[in-house]
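Heads up, the thing below is written out as structure tokens.
Protein chains: 2
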Amino acid sequence: MELPFQPSQCQPGLSVDCVIFGFHENELKVLLLKLLHNREWALPGGFVMLDEDLDRAAVRVLRERTGLKRIFLRQFHAFGEVSRNLPGHADKLVRTQAIHPSLQAWFEQRFITIGFYALVEYSQVEEPHPDYFSEFCRWYSIRELPPLMLDHQRIVSKALETLRLQLKYQPIGLNLLPERFTMPELQALYETLLEKKLDRRNFQRKMLSYDILVKTDEFRQGGAHKAPVLYAFDPDRYQQALQHGLNSIW
Amino acid sequence: MELPFQPSQCQPGLSVDCVIFGFHENELKVLLLKLLHNREWALPGGFVMLDEDLDRAAVRVLRERTGLKRIFLRQFHAFGEVSRNLPGHADKLVRTQAIHPSLQAWFEQRFITIGFYALVEYSQVEEPHPDYFSEFCRWYSIRELPPLMLDHQRIVSKALETLRLQLKYQPIGLNLLPERFTMPELQALYETLLEKKLDRRNFQRKMLSYDILVKTDEFRQGGAHKAPVLYAFDPDRYQQALQHGLNSIW
DNA sequence: GCAAAAGTGTTAACTGTACACCCATGT
DNA sequence: ACATGGGTGTACAGTTAACACTTTTGC
């Protein structure tokens with residue numbers, strides 16, 4: 003039986019976990035893995051090779067699960083409470099045959115995990131791939147998450163909190179929306195994240211004033227009403243806005 | 003010879019480093035440790051006990067170096083590049099007698115460090131205590147830092163960047179200023195961090211509008227001119243402002 | 001023609017900026 | 001008395017929020 007990784011090649015006691023956000027049907031979703039022989043779900047995660055940069059490990063996990071390379075990925079928190087490592091956890095993994103007995107010692111370690119959050123375009127993720135320990139993947143609306151393993155619920159909450167904080171001061175949407183999108187679609191994203199309605203006209207004006215959008219000469223056809231203009235983000239200006247923020251006090 | 007810590011009791015390959023900021027004589031300063039038998043300086047840091055929460059480890063480091071307990075301490079980044087662990091580093095430590103040879107293997111590990119930044123009231127830190135590996139401590143203005151060990155320069159830069167980001171959206175000053183302070187003193191802190199002059203009158207109005215200050219009926223006496231009013235932060239409102247930010251777009 | 005969605009415009013309220021003026025204190 | 005720093009006020013400019021009107025499209 004081939005092992006999914008070599009414990010001797012990995013940084014001990016350290017893992018990365020990715021909260022992968024997608025936006026679909028006016029809902030914010032996260033990609034979760036269904037564990038084998040277990041009713042619980044888990045965040046896509048992995049270990050850090052001894053010769054691998056921390057951030058690269060997160061990129062690798064993301065690539066392996068979604069096939070995507072160029073996405074927004076940001077480190078947001080290190081989770082290091084002793085209590086996040088439940089005593090019987092490794093034992094349970096072996097008993098339920100989720101892992102090979104030779105890996106029990108590895109999973110009995112006390113782990114610190116570095117949380118990353120990723121923003122991906124939902125439709126670009128064709129068929130997410132489960133990892134060695136999981137049965138399959140699924141997108142879940144953050145409003146109705148299934149039971150999650152260990153402290154993964156908390157990790158999702160913290161990621162969401164960080165994402166909402168980002169929304170307040172930085173642009174968002176690139177990586178979450180298709181390359182071309184309409185103003186109402188962008189507004190729907192904001193309204194979902196903010197959990198409140200915004201004025202259509204003021205939203206448009208404000209958004210345009212940030213100067214990160216490019217108006218195309220195309221329209222979203224096929225809708226039941228007036229065809230809305232398609233916009234795209236100006237990648238350079240978007241990056242600028244990410245770095246400097248949209249509205250600082252001083 | 004007594005060892006300063008038991009490698010077997012510590013989380014392998016993991017450390018915490020604290021960038022401790024203080025404000026004195028209109029300069030932002032950081033507390034640094036002078037390494038033994040070495041011209042380089044280092045951030046106060048330490049290892050994480052196996053039965054110790056990550057955040058607790060940072061609190062402990064801070065307590066051991068400054069004697070302070072109640073201070074602003076925030077995790078800001080995990081530094082995990084492979085390249086931050088220089089090949090000959092452990093060997094050099096042994097050769098210069100900075101560490102006992104029995105610790106060489108421990109220091110040869112690849113380390114990931116979690117960066118924390120702390121805001122402390124400069125005058126409250128009586129006499130900072132060096133640790134086992136260092137000769138003495140000193141406050142350094144961030145504008146003229148001495149040569150720092152490994153990637154500690156980068157850690158300071160990232161902490162400063164984070165602090166300046168905080169300044170843009172959140173209140174600052176509690177923990178950096180004495181309990182009671184004048185408006186011009188608070189302004190000086192902002193001007194130092196922002197590296198620019200602000201209008202005295204507009205600053206006052208804006209600051210008061212945030213509703214996080216309490217005006218006392220006392221004055222700072224002894225100055226050469228009109229005695230300025232002393233203010234204090236309202237702890238509850240300050241906390242609120244920290245959480246919700248001062249001016250969000252939406 | 002009507003309802004619903006999208007684009008454009010207008011005004012009033014609010015906020016921020018650039019100042020002027022007065023007060024207190026030590027020399 | 002005056003120089004300097006501190007407290008308060010005001011007017012103009014710029015921004016935001018609330019809302020009206022017009023256009024397009026499917027039924």
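Line by line, the protein sequences are chains V and U.
Just so you know, the first sequence maps onto residues 3 to 252 in our numbering.
Just so you know, the second sequence maps onto residues 3 to 252 in our numbering.
For glycine and all other residues, C-beta sits at the position ideal for the given N, C-alpha and C.
- Under the DSSP assignment, V/Ser159 falls outside any beta strand (DSSP E), being part of the alpha helix (DSSP H) whose first and last residues are 154-171.
- A distance below 6 Å between beta-carbons, with the five flanking residues on each side excluded, links U/Phe138 to the following residues of its chain, in chain order: Lys36, Pro132.
- By the Cβ criterion, the region 111-122 of chain U is in contact with the region 12-19 of chain U, since at least three pairs of Cβ atoms, one from each stretch, lie closer than 8 Å.
- Assigned with DSSP and collapsed to three states, U/Phe205 falls in helix.
- Using beta-carbon distances, V/Glu197 does not count as an interface residue toward chain U, since no partner is under 8 Å.
- Shown in chain order are the members of the region 33-56 of chain V whose Cβ falls below 8 Å from a Cβ of chain U: Val50, Leu52, Asp53, Glu54, Asp55, Leu56.
- In terms of beta-carbon proximity, U/Glu163 stays away from the interface with chain V, with every pair separated by 8 Å or more.
- In the three-state reduction of the DSSP assignment, U/Asp19 falls in the strand class.
- For U/Leu5, no chain V residue has a Cβ inside 9 Å of its Cβ, as the nearest lies near 21 Å away.
- In the DSSP assignment, V/Val216 falls within the unbroken beta strand (DSSP E) covering 215-221.
- Under the Cβ criterion of 8 Å, V/Pro9 is not counted among the residues facing chain U.
- Annotation: V/Pro130 to U/Leu56 spans about 33 Å, alpha carbon to alpha carbon.
- Within the region 29-94 of chain V, the runs of beta strand (DSSP E) at least 3 residues long that lie entirely inside it are, in chain order, 29-37, 47-51, 74-81.
- From the beta-carbon of U/Ile157, no residue of chain V is found nearer than 9 Å; the closest lies around 14 Å away.
- For U/Tyr119, none of the residues of chain V pass the 9 Å Cβ criterion, the least Cβ distance being about 14 Å.
- Chain-ordered listing is empty here: chain V has no CB closer than 9 Å to the CB of U/Ile174, the nearest sitting near 11 Å.
- Contact annotation: V/Asn28 and V/Thr194 have beta-carbon atoms nearer than 8 Å.
- In this structure, V/Glu83 lies away from V/Leu150, with their beta-carbon atoms at least 8 Å apart.
- Beta-bridge analysis with DSSP links V/Thr194 to no other residue.
- Within chain U, Leu56, Gln77, Ala80, Ile116 have C-beta atoms less than 8 Å from the C-beta of V/Ala80, given in sequence order.
- For the region 125-153 of chain V, there are no residues whose beta carbon sits under 9 Å from a beta carbon of chain U.
- If you draw a straight line from the Cα of U/Ala59 to the Cα of U/Phe74, it comes to about 15 Å.
- Relative to U/Cys12, the option among U/Asn87, U/His91, U/Arg156, U/Leu105 whose CA is nearest is U/Leu105.
- Using a Cβ distance threshold of 8 Å, U/Pro186 and U/Ile214 do not count as a contacting pair.
- With respect to chain U, the C-beta atom of V/Glu187 has no partner C-beta closer than 8 Å.
- For U/Ala120, the enclosing beta strand (DSSP E) covers residues 114-121.
- Between the alpha carbons of U/Tyr233 and U/Phe78 lies a distance of about 29 Å.
- Scanning V/Pro237, V/Leu95, V/Gln8, V/Thr68 for the CA closest to the CA of V/Gln126 turns up V/Thr68.
- Closest option to V/Gly15, judged by alpha-carbon separation, among V/Leu176, V/Gln99, V/Gly48: V/Gly48.
- Taking V/Leu244 as reference, the option from V/Asp219, V/Gly225, V/Lys228, V/Tyr212 with the minimal CA-CA separation is V/Tyr212.
- With fewer than 16 other beta carbons inside 10 angstroms of its own, U/Trp252 counts as exposed.
- Separation of the CB atoms of U/Leu188 and U/Arg86 is rounded to 37 Å, and the pair is thereby denied contact status at 8 Å.
- Using beta-carbon distances, V/Asn249 counts as an interface residue toward chain U, with a partner under 8 Å.
- When 7 Å is used as the limit between beta carbons, V/Val84 is near these residues of chain U: Asp53, Glu54, Asp55, in chain order.
- Annotation: the continuous alpha helix (DSSP H) that includes U/Leu244 extends over 237-246.
- Of all alpha-carbon atoms in U/Gly24, U/Pro6, U/Val216, U/Phe7, the one lying nearest the alpha-carbon of U/Leu165 is that of U/Gly24.
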